[in-house]
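Chemist: The sequence shown begins at 130 in this note's numbering and counts up one residue at a time.
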Amino acid sequence: MRILFVVVLVAVVLAQDPEDCLKVKCKTEYDTCKGNFVCATKGLQCQNKCGPDEVCQYDCAVASGNEKLIALSACGKEKCKTTETLCESGYCTNEFFRFCENASWQTIGICRDEFFTMYPQCGCVEKL
130 MRILFVVVLV
140 AVVLAQDPED
150 CLKVKCKTEY
160 DTCKGNFVCA
170 TKGLQCQNKC
180 GPDEVCQYDC
190 AVASGNEKLI
200 ALSACGKEKC
210 KTTETLCESG
220 YCTNEFFRFC
230 ENASWQTIGI
240 CRDEFFTMYP
250 QCGCVEKL
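Now the structure itself:
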């Protein structure tokens, strides 16, 4: 079930070749997911749903509830980031308002902090 599923999996702002990065920096998680049909299948489903959208792929992995895919996704997000990632202010602003849409004025600061923890690539809009 090698079907390029790791390339598909979690390109959460990953390096040039996501599969190579995951193989090296997330070896345990990569091998575990690669050897599990459910993990590989859910990874492919996320790719089909999200295409190259890294944030969508990460969110999809979390929403899948598959612990192996979530572990691989989290590892890739942490260890395979590129320094060239550009902050897209329009996208980040929209995601912020979507993420914090139910926050009250009392909890908006907490929501803001959680947003920037979940979306570190959105540092260009930290003055929200």
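Glycine included, C-beta positions come from ideal geometry on N, C-alpha and C.
By the 10 Å Cβ neighbour count, where 16 or more other Cβ atoms means buried, how is Gly172 classified, buried or exposed?
Modeler: Taking the sequence shown and counting its residues from 1, the one referred to as residue 172 is at position 43. Buried.
Chemist: Considering only the alpha carbon of each residue, which of Cys253, Glu230, Tyr248, Gly252 lies closest to Ala203?
Modeler: As a position in the sequence shown, residue 203 is number 74, starting the count at 1. Measuring from the Cα of Ala203, the nearest candidate turns out to be Tyr248.
Chemist: Taking 7 Å as the limit between beta carbons, can you name the residues of its chain near Lys197, skipping five residues before and five after?
Modeler: Reading the sequence shown from its first residue, position 68 is the one you call residue 197. Only Thr161, Cys162, Asn165, Cys168 meet the Cβ criterion.
Chemist: Helix, strand or coil for Gln176, going by three-state DSSP, please let me know.
Modeler: On the sequence shown, position 47 is the one that residue 176 refers to. Reduced to three states, the DSSP call for Gln176 is helix.
Chemist: Out of Leu151, Gly252, Cys209, Ala232, which one is the CA nearest neighbour of Cys221?
Modeler: Within the sequence shown, residue 221 is the residue found at index 92, counting from 1. Looking at the Cα atoms, Gly252 is the closest of the given residues.
Chemist: Would you mind giving the Cβ-Cβ distance between Cys209 and Lys152, rounded to the nearest angstrom? I have them listed as a contact below 8 Å.
Modeler: The sequence position of residue 209 within the sequence shown is 80, counting from 1. The sequence position of residue 152 within the sequence shown is 23, counting from 1. The pair is not a contact, with the Cβ atoms about 10 Å apart (cut-off 8 Å).
Chemist: Return yes when the C-beta of Lys197 is under 8 Å from any heavy atom of the ligand ATP, and no when it is not.
Modeler: The model depicted lacks the ligand ATP and carries no ligand whatsoever.
Chemist: With respect to the alpha helix (DSSP H) encompassing Gln235, which residues constitute its N-terminal and C-terminal limits?
Modeler: Taking the first residue of the sequence shown as position 1, residue 235 is located at position 106. Segment: none, Gln235 is in no alpha helix (DSSP H) and carries neither H nor E.
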